[in-house]
Amino acid sequence: MDMLYLLISWTIFHVPVESLSVSDFYSFGGINGDTLMAKNDDGSSPNVSITTKFPYFNHQHDKLIVSTNGAISFLTPVSQFTPDPFPLDGDRRLITPFWGDVDTRQGGQVWYRETTDRDVLDKVSNEIISYFPDFYRFHAAWVFIATWENVAFYGCSASVGCSKRNTFQAVLITNGQHSFAIFNYANIEWTTGTASGGTADSGLGGKPAQVGFNAGDGKVYYVVNGSRTADIININKKSNVGIPGKFVFRIDSSEIGGGGCNTKGNVIITPRSGPMFGGQHLTFSGPCVDQYTSFKVRFSGIKWVIKCEMTSQYSFVCITPMFDSDGDVPVLIYLSSLSLDHSFEGMFFVLNPAFSKVLVNRVNPDIWGNGEHLITWDENEAELENSSAVDLHVFTLQLGSSGLKFESFIAKKNITKSECMTTFSLNVTHHVALLRVTSRVETKFKMPPRGIWSDVFPIYQSKDEEIRACQNWIKSETVSTDLDVGPCPCTLQQAILDIVKYQPDPECNRFQIKSKQKVNCRYRRDARHCVRLSGPSKNGMDNVCCFNAKGNLIDSRVQEGGTLQRFHYLGKKPENVPYISNFYHDVVPFLQCCRFSQMQSDTNQENTTYNLCQDFLKIRKYSSCQNYEPPRPARTSGDPHMTTLDGLGYTFNGAGEFVYIYTEDDSFKSQVRFEQFRKDNGDLVKATVATALVMEHINSSDRIEVRLNSIRTADVLRNGQLLDFEESTWMNLKGFV
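Sequential numbering from 935 applies to the sequence shown in our numbering.
Right under this line is the structure:
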């Protein structure tokens, strides 16, 4: 588990053009409702209570202090005029757009205000999205603007009228979870007051100003190149976003991140994950590009190269193809222009359809047959942007000589996107389908179609047809003699605790029930919660265990419950397409034999004749908990108090990083970090708490770390990279299925 002691500065772009003008700043002054600080030397504002908690270095703050000396602090005022080099301890949590010896008695003024004005929020949101394409959904909820206007320095020469002046601005932004800082610089004419060794006439020399961020723990910080050197005079001619005089940073986590583009070839793909069916609108950012740059992308496992379009000097856009596997997919990016001809590597995570967000909603979805149906969608999805109309595609799943494949056709053309719904006629002979609402946006050249998807769903044909389909399946399916997947838990409580072997069924579990639903088990109608094997058995099979309202295992011979399944929904075998093979070969035959063939008529009434279902269960073994042995749990709580796997209890108050679990052959290791507990007021308590846990199967898995976070509860890192669970609540981690 790596402790971060030093943060490396972001690349600074030297751009041979003029700096910002004051007109490029966010508006300030009395006419905009700003507070004007009284003329002073080394003074500060009072504690400014803010209406939204501001995240900074993994802490949240409900007040801040503006210092005359070019700093914003969160805990104590800053009266110090000569900047000490970061990092600083003593809880000195500082944001320093230009920490130097300002003296407004000699000229200039300092303004500040918080605002939730809609125009300001929209403007700053667009800036953040532009400089941080991976935050394409960001909407600011609160902004704080502090401006140092034409300020003089301490000890300036009165004989020349203290003519050397600086004008700069700090803008703090948050949506309550993530936060950013924008530094704007206009005229910067001095770096040092005379008390810091500068000269009275020039304001240069001595110990110059410092620009950056300090966490206050004596370890973590960030400084802009040139800080505390003579070169800081040129801060208004530099940038980390390609605009002279402008710097933009993300500041809510333990690492400060810069926006814009860079020359180091780092590539960020946003979103980091997307549906297996493709059509995902991806933004690639990192390398600096221009109008002469061409972009091509190749996804591993896809034979063809995909062309992409430039959206800004910071990013370009591609559309994902359809994949036949899930998990991490290496991406090779080709950039070619007059000044750049390079290839870069990235990584995209393809989501299993069981965990992808359903963005096309089928109305009354329980049983869909041929006929008229209604769907709805959200017009604001990124895949539908820049288009006023959409088409509706129907994809049917078929089994051919080379395996399962989708064929598509347009069911309805030129639908007004803003209506967010449409009816259409479904008329197919196949048993499985899904829908795509497809953007009609025009591009400069042919790109994969972009669109949003429904769930994969069965199509009810007729009772007679479902009986024939079930009978054909029974004739063609052989009874497997290798059915050793282990027994189910006997009770729901055991199933929830047995997290190593079983995980909640993504399509039938009580943790994902929406507020107006009583149950979400569409394909296990009598169940209230189901679990499935965490990974495929040695023969690639799955075991679905379902529980009724009383928490007891359902006997599938009597009610719709769990059964053995030939294909595990996570895939993992060459002939097993994740989720799709399971749905086609396991879910649909179950419905045909145990539900659709039992319909008395096409009015959804049922009888209790289960002959075909009993034949189905002879092939797909019903769930049983015979010989099940529940796991012995280990736990950590409180002070902390620990119960180990052998059932023994301990109280542990150590502070530091410790080995938590390891195997005798060193194939698995886990470490835990304990830190002294701190109350909300900052006082330390004589007790420790676990604040981070890391684990890894040596040479065979990802390294997974979980860190407590006061803003987001916890952060999960894979091999040191933060996972974004705003995109998906589920990730398939190597070695941790």
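For glycine and all other residues, C-beta sits at the position ideal for the given N, C-alpha and C.
- As DSSP reads the structure, residue 1073 sits in no beta bridge.
- Three or more Cβ pairs closer than 8 Å define a contact, and the stretch 1323-1332 meets that threshold against the stretch 1340-1353.
- When DSSP states are grouped into helix, strand and coil, residue 1211 belongs to the coil group.
- When the alpha-carbon of residue 1002 is set against those of 992, 1147, 1026, 1034, the nearest one is in 1034.
- Under the three-pair Cβ rule at 8 Å, the stretch 1178-1186 does not count as touching the stretch 1125-1132.
- 1088 is the residue among 1088, 1157, 1297, 1369 whose C-alpha sits nearest the C-alpha of residue 973.
- The C-alpha of residue 1153 is placed about 20 Å away from the C-alpha of residue 1606.
- Boundaries of the beta strand (DSSP E) around residue 1240: 1240-1246.
- The closest CA to that of residue 1026, considering only 1006, 1401, 1039, is found on 1006.
- Residue nearest to residue 1062 within the set 1043, 1310, 1280, 1107 is 1107 (criterion: CA-CA distance).
- Under the three-state reduction of DSSP output, residue 1527 falls in the helix class.
- One alpha carbon belongs to residue 1548, the other to residue 1210, and they sit about 34 Å apart.
- In the same chain as residue 1586, and ignoring 5 residues on each side of it, the C-beta atoms closer than 7 Å to its own belong to 1574, 1576, in chain order.
- Within the same chain, 983, 984, 987 come within 7 Å of residue 996 by CB-CB distance, once the 5 residues on both sides are set aside.
- With at least 16 other beta carbons inside 10 angstroms of its own, residue 1441 counts as buried.
- Shortest Cα-Cα distance from residue 1168 to any of 1119, 1079, 1213, 1141 involves 1119.
- The distance from the Cβ of residue 1419 to that of residue 1477 is about 4 Å, consistent with a contact at the 8 Å cut-off.
- Relative to residue 1367, the option among 1382, 1331, 1602, 1522 whose CA is nearest is 1331.
- Taking the CA atoms as reference points, residue 1405 sits about 26 Å from residue 1299.
- Nearest neighbour of residue 1439 by Cα position, chosen from 1425, 1459, 1467, turns out to be 1467.
- In this structure residue 1223 is in contact with residue 1247, their Cβ atoms being roughly 6 Å apart against a cut-off of 8 Å.
- Distance check between residue 1127 and each of 1110, 1147, 1098, 1105 places 1098 closest, using alpha-carbon atoms only.
- For residue 1464, the enclosing beta strand (DSSP E) covers residues 1463-1467.
- Residue 1267 and residue 1214 do not touch by the CB rule: their CB atoms are close to 16 Å apart, not below 8 Å.
- Residue 1357 sits exposed, since fewer than 16 C-beta atoms from the chains shown fall within 10 Å of its C-beta.
- Residue 1190 and residue 1162 have their C-alpha atoms some 19 Å from each other.
- Residue 1401 sits in a helix when the DSSP states are folded into three classes.
- In its chain, beyond the 5 residues on either side, 1286, 1287, 1288, 1503 have a beta carbon closer than 6 Å to the beta carbon of residue 1513.
- Under the three-pair Cβ rule at 8 Å, the stretch 957-976 does not count as touching the stretch 1135-1142.
- Measuring C-alpha to C-alpha distances from residue 1292 to each of 1385, 1637, 1066 identifies 1385 as the nearest.
- Distance from the Cα of residue 1279 is smallest, within the candidate group 960, 1638, 1264, for 1264.
- Residue 1370 is a Cβ neighbour of residue 1329, given a cutoff of 8 Å.
- Closest in alpha carbon position to residue 1641, among 1633, 1635, 1651, is 1651.
- Counting C-beta pairs with one atom in each stretch, the stretch 1050-1058 and the stretch 1069-1086 have three or more that are closer than 8 Å, which means they touch.
- Using a Cβ distance threshold of 8 Å, residue 954 and residue 1160 do not count as a contacting pair.
- Setting aside the 5 residues that flank it on each side, residue 1251 is surrounded in the same chain by 1215, 1216, 1217, 1242, 1243, 1245, each with a C-beta closer than 7 Å to its C-beta; the list follows chain order.
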